[in-house]
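Asks: Mind having a look at this structure? Questions to follow.
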Amino acid sequence: MERADTELGLALAADEMDYLVDSFVQLDRNPSDVELMMFAQANSEHCRHKIFNASWVIDGEPQAESLFGMIRNTYRCGGENVLSAYSDNAAVVRGPVAGRFYPDAQSGEYDYSRESIHLLMKVETHNHPTAIAPFPGAGTGAGGEIRDEGAVGRGSKPKVGLTGFSVSNLQIPNYTHAWEQPYGKPARMVSALDIMIEGPIGAAAFNNEFGRPNLCGYFRTFEALVPGVNGDEVRGYHKPIMLAGGYGNVREEHVAKGEIAVGAKLIVLGGPAMLIGLGGGAASSIASGAQAEDLDFASVQRQNPEMERRCQEVIDRCWQLGDNNPIAFIHDVGAGGLSNALPELVKDGGRGGRFALRNVPNDEPGMSPLEIWCNESQERYVLAVQPEDLPRFADICERERCPYAVVGEATEALHLSLGDTQFNNAPVDLPMSVLFGKPPKMQREVARMQVKQQPLRLAGIDAADALEKVLQLPAVASKNFLITIGDRSITGMVHRDQMVGPWQVPVADCAVT
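Okay, here's the thing in structure tokens:
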């Protein structure tokens, strides 16, 4: 188990390995490599937020709330207009009643439909891939967030994007500043300057090509030598924050996901499997550079906004059908690939699943079963559709030229099975309780330590010189170069973008659509 953890980059804790050993001893067999990778992705920090859900002991005193419990407390105290939170791919709050312009379900003619337009919102990070390869890392960060928005409830509509970056000091050649020092960086990570040259272009490229205006964002730099417990230490964002977010709309009858019926067809919508982005959920959950270099680079995905646009057109046509929406349940495919998305789909729908590995669309036939099941090829969704609704769903996919495949069926038994006709075996054959049961809860015990802070010294500072330096700080300086790379009027629904100051200075504090 320890060797597999290292070779496959599973990032399992010791108690998780013990849990797996006990589980497979009870099953009286050894796990397959596919099952181990699937467990690692489904239970990674990226997917399960183990640190945020951990039990904390601070200075010997057990804490009543986890970090996530503290976050959720705002919802408990003031959630009267929140329709969905912490349970779906994005949160939903109550919106106004107004007219939405889309084709009528019967006639196909465009018209205004007066209805509740509830607001969905989401942010997530894509830090690890952006640190390794900024253009595809930030691009797939934006793309993954768009998929999360489209996979709310039984299908919804992304509308506006947000992109943000926190990096270390830029150290632009021949333009360094007094506060910048050459402290160095980890070998596998791109420099802060290259991240800010390539990353924003990657995110803007995806938003532009998908057709979503990016109207919100931020940019900060920080890197400094500061007092630490064991002496001075460098703090900064060598591993950047790449924040992808946005908001959209969802119909009232589609806010809540329902139960998946026994016999429902389980579908992969979107692009084919490719050998990219393997093990990203686990890779992003451990210290950067703590695993083999080839595993770090294998965990980066690549983007195809056109395919995602086709998928969204299918989802749009489905939700526009109202009560006749053929989508019973939907999730996007992100970290862990199908090995995380399909089990999560049936678990959330209260079912088990029986899957056929060779039904998965595949552009690289030489991939192993582990690679087919666990790769993180982008622009994919998983859905549950009733058998009687499948022809109608297939017609919509054909109209939008969007690939899809039926890869499984929902079962009453809470069991996961994955059959492989190529090798006549079952790479996955597990009770769902092993994958989603109760792996050991993380425990964190810490103690407060005193750090002697340096006093702030303002003597000898020239006000004019200080003002000039502050205005040159990226957090204060113009963000124009991050804004003009994106189309801010696509969709024709944008009422206010960033350019609201005199002579189109981008100083807006909000976006309006």
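Under our numbering, think of the first position of the sequence shown as 12, with each following residue one higher. Note that CB positions come from ideal geometry on N, CA and C, so glycine has one too.
1. Starting from I278, follow the beta strand (DSSP E) in both directions and report where the run begins and ends.
2. Which partner residues does W67 have in the DSSP bridge list?
3. Secondary structure at L78, three-state DSSP: helix, strand or coil?
4. Comparing C-alpha positions only, which one of R362, E382, G348, P140 sits nearest to V393?
5. Check whether the Cβ atoms of P372 and A284 lie closer than 8 Å to each other.
6. Along the chain, where does the alpha helix (DSSP H) that runs through N351 open and close?
7. Could you pull the start and end residues of the alpha helix (DSSP H) that A216 belongs to?
8. Any idea if F176 is buried or exposed, counting beta-carbon neighbours within 10 angstroms, 16 or more meaning buried?
9. Please work out which residues of its chain come closer than 6 Å, Cβ to Cβ, to Q89, disregarding the five sequence neighbours upstream and downstream, and give them in chain order.
10. Buried or exposed, going by whether 16 or more other CB atoms sit within 10 Å of the CB of H188?
11. Return yes when the Cβ of E390 is within less than 8 Å of the Cβ of G154, no when it is not.
12. Identify, in the order they occur along the chain, each residue of the same chain with its Cβ nearer than 6 Å to the Cβ of T432, setting aside the five sequence neighbours on each side.
13. To the nearest angstrom, report how far apart A214 and V103 are at their CA atoms.
14. Anyone know if the C-beta pair for V261 and H129 falls short of 8 Å?
15. Using a 10 Å radius around the Cβ and a threshold of 16 neighbouring Cβ atoms, would you call P42 buried or exposed?
16. Going along the chain, which residues of its own chain have a beta-carbon closer than 8 Å to the beta-carbon of V462, five neighbours each way excluded?
17. Taking just the CA atoms, how far does V481 sit from I338?
18. Which value, in whole angstroms, describes the spacing of the CA atoms of R87 and L94?
19. For a quick check, are the C-beta atoms of W2 and P438 less than 8 Å apart?
20. Quick check on the burial criterion: 16 or more other C-beta atoms within 10 angstroms. Buried or exposed for T174?
21. Who does S124 pair with in a DSSP beta bridge?
22. Please return the same chain residues whose Cβ sits closer than 7 Å to the Cβ of N219, not counting the five positions on each side in sequence.
23. Relative to the C-alpha of I501, which residue among V457, R223, H426 is closest?
24. Just the Cα atoms here: how many angstroms apart are G377 and D44?
25. Between D508 and L254, is the Cβ-Cβ spacing less than 8 Å?
26. Taking 6 Å as the limit between beta carbons, can you name the residues of its chain near D99, skipping five residues before and five after?
27. Among residues of its own chain, excluding the 5 on either side of E8, which ones have a beta-carbon nearer than 7 Å to its beta-carbon?
28. Going by alpha carbons, who is nearest to V505 out of A458, Q37, G259, V36?
Replies: Taking the structure as given:
1. Per DSSP, I278 is one residue of the beta strand (DSSP E) stretching across 276-281.
2. In the DSSP secondary-structure assignment, W67 is bridged to R455.
3. Looking at L78 - three-state DSSP - the assignment turns out to be helix.
4. Closest option to V393, Cα to Cα, is G348.
5. Cβ distance < 8 Å, so P372 and A284 count as in contact.
6. For N351, the enclosing alpha helix (DSSP H) has its first and last residue at 349-359.
7. For A216, the uninterrupted alpha helix (DSSP H) run begins and ends at 203-221, by DSSP.
8. The residue is buried, with at least 16 neighbouring Cβ atoms inside 10 Å.
9. Gln is not the amino acid found at residue 89; the sequence shown has Gly there. Taken in chain order, the list of residues that qualify is empty.
10. Exposed, by the Cβ-count rule.
11. For G154 and E390, yes; Cβs fall inside 8 Å.
12. Excluding residues within five positions, the ones whose Cβ falls inside 6 Å are R369.
13. So the alpha carbons of these two residues sit roughly 24 Å apart.
14. Against a cut-off of 8 Å, the Cβ pair of H129 and V261 comes out as a contact.
15. With 16 or more Cβ atoms within 10 Å of its Cβ, P42 is classed as buried.
16. Cβ neighbours of V462 beyond the five flanking positions: P238, G239, V240.
17. The C-alpha of V481 is placed about 52 Å away from the C-alpha of I338.
18. Per the coordinates, the alpha-carbon of R87 lies some 12 Å from the alpha-carbon of L94.
19. Outside the modelled stretch of the chain, which goes from 12 to 524, sits residue 2, for which no answer is possible.
20. Under this definition T174 is a buried residue.
21. In the DSSP assignment, S124 is bridged to R111.
22. G497, D498.
23. Comparing Cα positions, the closest option is R223.
24. Looking at the two C-alpha atoms, the distance is approximately 17 Å.
25. The Cβ atoms of D508 and L254 lie no closer than 8 Å to each other.
26. Within its own chain, the residues whose Cβ lies closer than 6 Å to the Cβ of D99, once the five positions on either side in sequence are excluded, are V163, listed in chain order.
27. Here the chain has residues from 12 to 524 only, and residue 8 is not among them.
28. Of A458, Q37, G259, V36, the residue nearest in Cα terms is G259.
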